[in-house]
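K.L.:
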Amino acid sequence: MKHIDTFLKLSPKAAARINKHAEASIAAANCRLPMIVPPVKWTRGMTDGGAYLTAFSPMSLFKTRNRSLLKQLREVEHPEFIHFLDGHNVASRTGHIIDVDTLNLLKMIVNQPRQFAKLPSFGEPEVECPLLDSEVELGRKLRAQYEEAVKKANKENVEYTARKKEEGVKTNTPEFKKKLQWKRKEHVEKFYKEIGDANASILSTFNQWRTAKQKARQRSVEQAGARSNLMRTIEIADSLKMYTSIYFPTQSDDRGRVYYATPLLNPQGADHEKALILFDVAKEIGKTGWDWLRINVSNLMGYDKGNFKQRIAYVEAHRDMIESCVANPMSDYRWEHTDKPFQFLQAARELVQAWKMEDPTKFKSRVGIACDASCSGLQILGTLTRCESSMKFTNCLPAEVDENGEEFMQDIYGEAARIAAELMRKVQLGELEARKYNEYEVTGRPLKDPAKEAQRIAKQLAKIEKQKAKDEAQRKADREHAEKLLNWSYAMKDEYSFTRNWLKRNTMTFFYGSAQFGMRDQLIVDHLEPEFNKVIEVVGKDGDPTSLGFPWATLKDAKDAATVAGNINYEAICKMAERPARVMQSLQRYAELIAKSGRKMRWTTPLGLIVEQRYEKVEKFKVDSMITGQKRIQTTSQRHTGEVDANGQKNGAAPNWVHSLDASLLLKVLSLGSKNHGLNHWRIVHDSFAVHAADTETMVTLLKNTMADMLDRDLLKRTAEELEAQIDEEYRDQIIPFPELGDEALIDKLRSAQYPFCFCLKNTITFSNEIYKNKSNSSHIYLVHTLEPCL
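Oh and the sequence shown: position 791 is 791 in UniProt numbering, straight run, nothing missing.
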């Protein structure tokens, strides 16, 4: 059955009017705006009434509807809870101003027909037709004939299947389905033979053009909302540009994680939103700040894997390019291909000003220098358990040096990729199973009739033999999948390792609860489906994807390979981070047993915040409505039953617990930074911390020391006692205890580590005038204006 998507789209005239007059959109939007006076401070006993001065826009400190939990939070007397409140006050009372240079650039960009950087396009998408009018008409007729041929083939297959069913043939087997596919393919091949090569070429071109038009139409619909949001962001910024200070109030979710309460413009927004904001105070950068200013530009360009000395040298080597982009952003477009284009331009403007000074260290900067964690989840779990390998590969130990005496950073994703390739090689050689298989066992039972018992055992044996054959076929398929993966240039960095991109999302999400099946889905969505679709666009629906280097003939086969890859990636990460993996396993078991006891898992964070998992079972119900008394519409909704959702409790335990710890670290750092070091200007994004260039060295040292102090030896013990108390006595023998801790001396090494917060952004690139082959997508050549790999 043909599937038709229907879109409701504004006419170009109406869209233009809305884009030109965003004020109406803003007025109609129900969203909080930045403040122009310092927010009301949060104090003990408050869960609402902070931030905004009036009740016109009341705001709760916590984004939760759990009133009983809010009541308990108002009564918290934990001594560390003051850091939770003060951290919020420091974040929300940080003064900012609008960066008028970025604002003016965005205003120019939205009036251009082409797309800039990662912003939505403001021009109507056009897909040029490669065919003559007469060929387009012929293409339509040929497509109708093709669809008729396919329809006829499907009808014959239905009739053929019905006949075979009557004959007693099993029609749901893979072999029978494959036969149907071949019969359909015969009809298609016959059709193409009848129309001839010339017409087949026209049909192929027509289909590609038609697909391109559909995709352009879909993109246009998707980008309409993005364009509207961008215009609203510009309008908000424009309305605030004259103020000498603006503020962004913050809230926490029920795990304590901090979010800014002002959508469309805040320090956690998209690249262009962040670049619209500067600190309201300019600070002289000094010697260390001069280094951090250049390191920051290097990171924003995408070069963040070298040591600090190399990053500074990298920026100095690209001085001409940086100065040119700052002077002429609407003609020198190289800035668009940096990792964070608008933040790069913002930081580069300051850098160019500093370069012009006789003594750059005297320059006064307003830009926030962002320090991102190296895989925050593993950093926390590795440090907490004193796991040496986990701390090493997340740069929580002092940097090692190469043969030239140069410091180098560890790469957690690269290490996971190396171990995964090692394990995959074992699967290929038949030395390792890529999935679990059932054990075969014949069970006997005493029967009065020995003949019947023998008959039953014979049936069991036949069933086992059948299952054995099926399992052996799957093992063979897994070995073939492993071989294809190891020979696929897209996924492999070299013969010894997958690319870090292949493992990156799996590794990042593992420490927030992702397991084998989740990793499989990530590989399909991020890699296999996009690559398969690219190939299908070229070879057509009935073409052979393997002819263009894609290893599998069908997406179904590729998804089966993803099961193998997901299982192996999971095992590789567990092998690399043994103690953190065991902590997660323990948390899941605690959640399971607490749910079995009829309770919702709860714990207290190091800052005294009470966290409760609210996962409950839901029931669906239907709502009947009448529109204008004539048309009946039925909708389905759902409501919470109050009964504990055991599966939700188990799946949420590890990620929620880790998130509550990274939130505690962030808020305590803000609180101590303000109280002890006078750091009152921050921009935060969960595991990313930004302060003035002059303060960055102080902030990084504070961050390491706070992390070492907060994740003390007794934290796991306290958590275990709190969770065990929630489990009924009869289930306590099923608890999986937390692992023993490693060497305590590793904590002192963390305090002297150089790169735990080392700005791990995304793409690694430098500037030249060459075409390059991207290693993470090496089955294709990309022309990226003036970019090439930097490492």
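Just so it is clear, CB atoms sit at the ideal spot from N, CA and C, and this is done for glycine as well.
Please read all numbers here as calculations on a predicted model, not as lab measurements.
#1: Expressed to the nearest angstrom, what Euclidean distance is found between the alpha-carbon atoms of Phe621 and Tyr615?
#2: What residue from Arg163, Val127, Asp254 has the CA that sits closest to Trp209's CA?
#3: What distance in whole Å lies between the Cβ atoms of Ile568 and Ala434, which are believed to be in contact at a cut-off of 8 Å?
#4: State the CB to CB distance for the pair Lys185 and Phe176, rounded to an integer number of angstroms; the pair is presumed to be in contact (CB under 8 Å).
#5: Is DSSP giving Gln145 helix, strand or coil here?
#6: Determine, using beta-carbon pairs with one atom in the region 587-606 and one in the region 744-751, whether at least three such pairs fall under 8 Å.
#7: What is the rounded straight-line gap between the Cα of Trp682 and the Cα of Ser390?
#8: Residues in its own chain within less than 8 Å of Pro398 by CB, not counting five upstream and five downstream?
#9: Straight-line CA distance for Gln455 to Gln516?
#10: Can you tell me the Cα-Cα spacing of Ile26 and Arg232, whole angstroms?
#11: Considering His96, what are the terminal residues of the beta strand (DSSP E) in which it resides?
#12: Tell me, to the nearest whole angstrom, how far the beta carbon of Leu484 is from that of Pro551; I am working on the premise that it is less than 8 Å.
#13: Taking Cβ to Cβ, would you say Ser374 is nearer than 9 Å to Cys758?
#14: Verify whether the separation of the beta carbon atoms of Leu711 and Thr383 is less than 9 Å.
#15: Which partner residues does Ala51 have in the DSSP bridge list?
#16: In its own chain, which residues sit with a C-beta less than 7 Å from the C-beta of Met108, not counting the 5 before and 5 after it?
#17: On a Cα-Cα basis, can you pick out the residue from Glu531, Glu439, Trp42, Glu323 that is closest to Glu465?
#18: In chain order, what are the residue ranges of uninterrupted alpha helix (DSSP H) at least 4 long that sit wholly in the region 437-505?
#19: Thinking C-alpha only, which one of Asp526, Arg257, Pro450 is nearest Ser660?
#20: Measure the Cβ-Cβ separation of Glu135 and Thr205 and say whether it is below 9 Å.
#21: Tell me, which residues are paired with Tyr247 by DSSP?
#22: So, residue 793 versus Gln251, is the Cβ gap smaller than 9 Å?
#23: How is the beta strand (DSSP E) around Tyr260 delimited, first residue to last?
#24: Which residues mark the beginning and the end of the alpha helix (DSSP H) in which Met576 is found?
#25: Per DSSP, what are the beta-bridge partners of His640 in this structure?
#26: How big is the Cα-Cα spacing for Trp603 and Leu73?
#27: At what residues does the beta strand (DSSP E) containing Leu278 begin and finish?
#28: Going by CA-CA distance only, name the one from Thr43, Val281, Ala55, Leu85 that's closest to Leu665.
#29: On a Cα-Cα basis, can you pick out the residue from Asn328, Gln343, Leu203 that is closest to Ala270?
#30: Residues in the same chain with beta-carbon distance under 7 Å from Gln310, minus the five sequence neighbours each way, listed in chain order, please.
#31: If I measure Cβ to Cβ from Asp99 and keep anything under 7 Å in the same chain, skipping five residues before and after, which residues do I get?
#32: Just to confirm before moving on: does the CB-CB distance between Thr338 and Ile285 stay below 9 Å?
#33: By Cβ distance below 7 Å, which residues in the same chain neighbour Pro580 in space, the five residues on each side in sequence not counted?
#34: Less than 9 Å between the beta carbons of Tyr247 and Pro38, yes or no?
#35: Do you know offhand how far Gly673's Cα is from Glu77's?
#36: Taking three-plus beta-carbon pairs below 8 Å as touching, is the region 398-411 in contact with the region 529-537?
P.N.:
Let me spell this out:
#1: The residue given as residue 621 occupies position 621 in the sequence shown. The residue given as residue 615 occupies position 615 in the sequence shown. Roughly 19 Å between the two C-alpha positions.
#2: Here residue 209 refers to the residue found at position 209 of the sequence shown. Among Arg163, Val127, Asp254, the Cα nearest to that of Trp209 is on Val127.
#3: Position 434 of the sequence shown, counted from the start, is the residue given in the question as residue 434. Position 568 of the sequence shown, counted from the start, is the residue given in the question as residue 568. With 8 Å as the limit, Ala434 and Ile568 qualify as a contact, their Cβ atoms being about 6 Å apart.
#4: Here the question's residue 185 lines up with position 185 in the sequence shown. Here the question's residue 176 lines up with position 176 in the sequence shown. No, Lys185 and Phe176 are not in contact; Cβ-Cβ is about 15 Å, not under 8 Å.
#5: Along the sequence shown, one-based indexing puts residue 145 at 145. In the structure shown, Gln145 sits in a helix (DSSP, three-state: H, G or I).
#6: no
#7: Residue mapping note: residue 682 aligns to position 682 of the sequence shown, counting from 1. Residue mapping note: residue 390 aligns to position 390 of the sequence shown, counting from 1. Straight-line Cα distance between these residues: approximately 28 Å.
#8: The residue you call residue 398 lines up with position 398 of the sequence shown. Around Pro398: Lys749, Ser752, Ala753, Gln754.
#9: For this step, residue 455 is matched to residue 455 along the sequence shown. For this step, residue 516 is matched to residue 516 along the sequence shown. Cα to Cα, the separation comes out at about 40 Å.
#10: The residue given as residue 26 occupies position 26 in the sequence shown. The residue given as residue 232 occupies position 232 in the sequence shown. Residue placement at Ile26 cannot be trusted, given a pLDDT of 48 that sits under 50; what the coordinates show is reported in the next sentence. If I take the Cα positions, the gap works out to 6 Å.
#11: Looking up residue 96 in the sequence shown gives position 96. Segment 96-98, the beta strand (DSSP E) holding His96.
#12: Counting from 1 along the sequence shown, the entry for residue 484 is found at position 484. Counting from 1 along the sequence shown, the entry for residue 551 is found at position 551. For clarity, residue 484 is Lys in the given sequence; the question names Leu instead. Confirmed, Cβ separation roughly 4 Å.
#13: Looking up residue 374 in the sequence shown gives position 374. Looking up residue 758 in the sequence shown gives position 758. Going by C-beta atoms, Ser374 is nearer than 9 Å to Cys758.
#14: The count along the sequence shown starts at 1 and reaches residue 711 at position 711. The count along the sequence shown starts at 1 and reaches residue 383 at position 383. Yes, the pair counts as a contact, with Cβ atoms nearer than the cut-off.
#15: Counting from one through the sequence shown, the residue named residue 51 turns up at place 51. Paired residue(s): Val40.
#16: Counted from its first residue, the sequence shown places residue 108 at position 108. Closer than 7 Å at the Cβ level, and outside the excluded window around Met108, lie Met330.
#17: The count along the sequence shown starts at 1 and reaches residue 465 at position 465. It is Glu439.
#18: 450-486
#19: Translated into positions along the sequence shown, residue 660 becomes position 660. It is Arg257 whose Cα lies nearest to the Cα of Ser660.
#20: Locating residue 135 in the sequence shown gives position 135, where the first residue counts as 1. Locating residue 205 in the sequence shown gives position 205, where the first residue counts as 1. Cβ atoms of Glu135 and Thr205: closer than 9 Å.
#21: Taking the sequence shown and counting its residues from 1, one reaches residue 247 at position 247. Per DSSP, Met35.
#22: Since the first residue of the chain shown is 1 and the last is 791, residue 793 is not available in this structure.
#23: Mapped onto the sequence shown, residue 260 falls at position 260. Where Tyr260 is concerned, the enclosing beta strand (DSSP E) stretches over 258-260.
#24: If you number the sequence shown from 1, residue 576 lands on position 576. From DSSP, the alpha helix (DSSP H) with Met576 extends over 555-576.
#25: Residue mapping note: residue 640 aligns to position 640 of the sequence shown, counting from 1. Its beta-bridge partners are Val618.
#26: Numbered from 1 along the sequence shown, position 603 holds the residue referred to as residue 603. Numbered from 1 along the sequence shown, position 73 holds the residue referred to as residue 73. Going by the C-alpha atoms only, they are around 13 Å apart.
#27: Taking the sequence shown and counting its residues from 1, one reaches residue 278 at position 278. Segment 277-279, the beta strand (DSSP E) holding Leu278.
#28: Here residue 665 refers to the residue found at position 665 when the sequence shown is read from its first residue. Leu665 has its Cα closest to that of Leu85, out of Thr43, Val281, Ala55, Leu85.
#29: Locating residue 270 in the sequence shown gives position 270, where the first residue counts as 1. Checking every option, the nearest Cα to that of Ala270 belongs to Gln343.
#30: Counting from one through the sequence shown, the residue named residue 310 turns up at place 310. Nothing listed; no residue qualifies.
#31: The sequence position of residue 99 within the sequence shown is 99, counting from 1. Result list for Asp99: Ala275, Leu276, Ile277, Leu278, Gln346, in chain order.
#32: Working through the sequence shown from its first residue, we reach residue 338 at position 338. Working through the sequence shown from its first residue, we reach residue 285 at position 285. For Thr338 and Ile285, no; Cβs fall outside 9 Å.
#33: Start at 1 with the first residue of the sequence shown, and residue 580 comes out as number 580. Around Pro580: Leu378, Leu381, Gly382, Thr385, Cys387, Ser390, Phe511.
#34: For this step, residue 247 is matched to residue 247 along the sequence shown. For this step, residue 38 is matched to residue 38 along the sequence shown. Taking 9 Å as the Cβ cut-off, Tyr247 and Pro38 qualify as a contacting pair.
#35: Counting from 1 along the sequence shown, the entry for residue 673 is found at position 673. Counting from 1 along the sequence shown, the entry for residue 77 is found at position 77. Roughly 22 Å separates the two Cα atoms.
#36: no
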